[in-house]
Amino acid sequence: MTFSDSKPHYALLDGLRGVAAMLVVWYHVFEGFQFAGNKPVIDFINHGYLTVDFFFMLSGFVIGYAYDDRWGKSLTMSGFFRRRLIRLHPMVMLGALIGAISFLLTSMERWDGTHSTLLLTLIALVCSWLMIPALPGMQRDVRGNGEMFPLNGPCWSLFFEYIGNILYALIIRRLSTRALAWLTALLCCALTWFAVTNQSGYGSIGVGWTVDTTNLLGGTLRMLCPFTIGMLMSRVFKPIKNVRGAFWICTIILLVLFHVPFIDGGTPMSLNGIFEVACIICIFPIIVWLGASGTTTDNTSRRICRFLGDISFPLYIVHYPLMYAFYMWLMKTRLYTFSETWPIAISTMACSVCIAWLSMRFYDEPIRKWLKKFAK
-17 MTFSDSKPHY ALLDGLRGVA AMLVVWYHVF EGFQFAGNKP VIDFINHGYL
33 TVDFFFMLSG FVIGYAYDDR WGKSLTMSGF FRRRLIRLHP MVMLGALIGA
83 ISFLLTSMER WDGTHSTLLL TLIALVCSWL MIPALPGMQR DVRGNGEMFP
133 LNGPCWSLFF EYIGNILYAL IIRRLSTRAL AWLTALLCCA LTWFAVTNQS
183 GYGSIGVGWT VDTTNLLGGT LRMLCPFTIG MLMSRVFKPI KNVRGAFWIC
233 TIILLVLFHV PFIDGGTPMS LNGIFEVACI ICIFPIIVWL GASGTTTDNT
283 SRRICRFLGD ISFPLYIVHY PLMYAFYMWL MKTRLYTFSE TWPIAISTMA
333 CSVCIAWLSM RFYDEPIRKW LKKFAK
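Shown next as structure tokens:
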């Protein structure tokens, strides 16, 4: 759903966002095998968590493109925040509600086998709707895994997305392109330091999902660095001419990058961290640039990109409650490999896509259509 003064979408970027959302679901399937089986690393799509950094870069590019030249003309501060809330928050609320329902259907069982209460579940739901994160060990951390939002873990990235939107409206949009370039360079240096020196302690930058010093710092850097790269690119972007097959080229690159195994070793520098920052700082901008330069050339690719773009955010925000049930099933059956569980794993993915489409078609689009009148 668009506003009357919205600019045209980059169709290929919409499609790539959908590809990344599908890869998030695929990654979380294999994360379940690691989590349930208490394995040190994920077996297959080990770098799937970098989809979040790719999302942040896409968000920065699209927000810069859509809003940078409208401030003081057709856009006010309050109008910007209303638009962003209408775009994001209805699905945030639905995702938390689905998470609560999923938790209730599993008898409100925590990961350690104990049970939470209905009151605490309702409190966790309301706090999720208000984007108030839970501290590890709090009673409303109902699953007991230390997640910011225990009913729907991936909402941690929306927490940082909202922070990025606030910083953009208050500060970043006011920066000259030169100043934004300097800020982006500093953030790239900071993220490189965090990743290469292994500040997380386990060889990757897959942090931000809980409330502690390392995760708050890492989550902030993971959001701000690609977010500002995307915004800087939106200001200096000039399309590359005659790019054929850009969507498929970018899709293959993402598939390859996310399936690279964990790169062990490296002292004092983390080799895995070097790979991660190379993806974020060097390769992801190339993918975004190629995607923004390309166009759909036939009805099939146009429909694929539109479908993937339409379900991308709903899929990201509603799939994890199903993953909680899948993880619980893995723990109870003690099956920890894809070969043993592929029918259930594929069914979980398929159900996630179906719920995402239904949520988009019968909830997100109608409610945004109704709400957008208040953003004028």
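Quick note on numbering: our numbering labels position 309 of the sequence shown as 291, and the sequence is numbered without any gaps. Even glycine gets a Cβ: it sits at the ideal position worked out from N, Cα and C. Bear in mind the structure is a predicted one, so any value in this text is a computation, not a measurement.
- Distance from the CA atom of I299 to the CA atom of G(-3), rounded to whole angstroms, is 17 angstroms.
- At a Cβ-Cβ threshold of 7 angstroms, S275 and P221 count as neighbours.
- Looking at V1, I269, H(-9), the one whose alpha-carbon comes closest to that of I286 is V1.
- Around the beta-carbon of Y49, 16 or more other beta-carbon atoms lie within 10 Å, marking it buried.
- For R125, there is no enclosing alpha helix (DSSP H), as DSSP marks it with neither H nor E.
- Taking C-beta atoms as the reference points, A177 and E258 count as a pair closer than 7 angstroms.
- Per the DSSP secondary-structure output, L57 pairs in a beta bridge with W53.
- Under DSSP, H301 forms no beta bridge with any residue.
- Nearest to I148 by C-alpha distance, out of L206, N224, C336, H97, is L206.
- The shortest CA-to-CA distance from G77 to any of S329, P243, Y302 is the one to Y302.
- One Cα belongs to W191, the other to A228, and the distance between them is close to 32 angstroms.
- H97 sits in a strand when the DSSP states are folded into three classes.
- Straight across, the Cα-Cα distance linking Y(-8) with T277 is about 8 angstroms.
- In this structure, the straight-line span from the alpha carbon of I235 to that of I269 is close to 8 angstroms.
- The alpha-carbon separation between L117 and L157 amounts to approximately 34 angstroms.
- Note: E91 is bridge-paired with H97 in the DSSP secondary-structure output.
- Distance from the Cα of I27 is smallest, within the candidate group W93, H241, I211, V225, for H241.
- The residue among L133, P115, L112, A106 with its C-alpha nearest the C-alpha of R122 is A106.
- Of the other Cβ atoms in all chains shown, fewer than 16 fall within 10 Å of the Cβ of I328; this residue is therefore exposed.
- Sequence-distant Cβ neighbours of C333 in its own chain, meaning closer than 8 angstroms and more than five residues away, are L304.
- Sixteen is the threshold: when 16 or more other Cβ atoms of the shown chains lie within 10 Å of the Cβ of T233, as they do, the residue is buried.
- Between M39 and F266, the C-beta gap is smaller than 7 angstroms, which places the two residues in contact.
- Under the criterion of beta carbons closer than 8 angstroms, T202 and I154 do not qualify as touching, at roughly 14 angstroms.
- Going by beta carbons, A307 and S84 fall inside the 7 angstroms limit.
- Boundaries of the alpha helix (DSSP H) harbouring K351: 347 to 353, taken from the DSSP string.
- When the Cα atoms are used, F219 and L32 turn out to be separated by approximately 23 angstroms.
- Out of R217, D246, T279, F141, the CA that lies nearest to the CA of H29 is found in D246.
- Distance between G188 and K354, taken at the CA atoms: about 35 angstroms.
- E129 sits in coil when the DSSP states are folded into three classes, being neither helix nor strand.
- Counting only the Cα atoms, L152 lies some 14 angstroms from L162.
- Fewer than three pairs of CB atoms, one per stretch, sit closer than 8 angstroms, so the region 316 to 328 makes no contact with the region 86 to 104.
- Rounded to the nearest whole angstrom, the CA to CA distance from V193 to E129 is 8 angstroms.
- Fully contained in the region 231 to 280 are the following alpha helix (DSSP H) runs of length 4 or more, in chain order: 253 to 260, 266 to 275.
- Per DSSP, the continuous alpha helix (DSSP H) segment holding V335 begins and ends at 320 to 341.
- In the three-state scheme derived from DSSP, where H, G and I count as helix and E and B as strand, Q16 is classed as helix.
- When T323, A260, S186, W339 are compared, the shortest CA-CA separation from P22 is found for S186.
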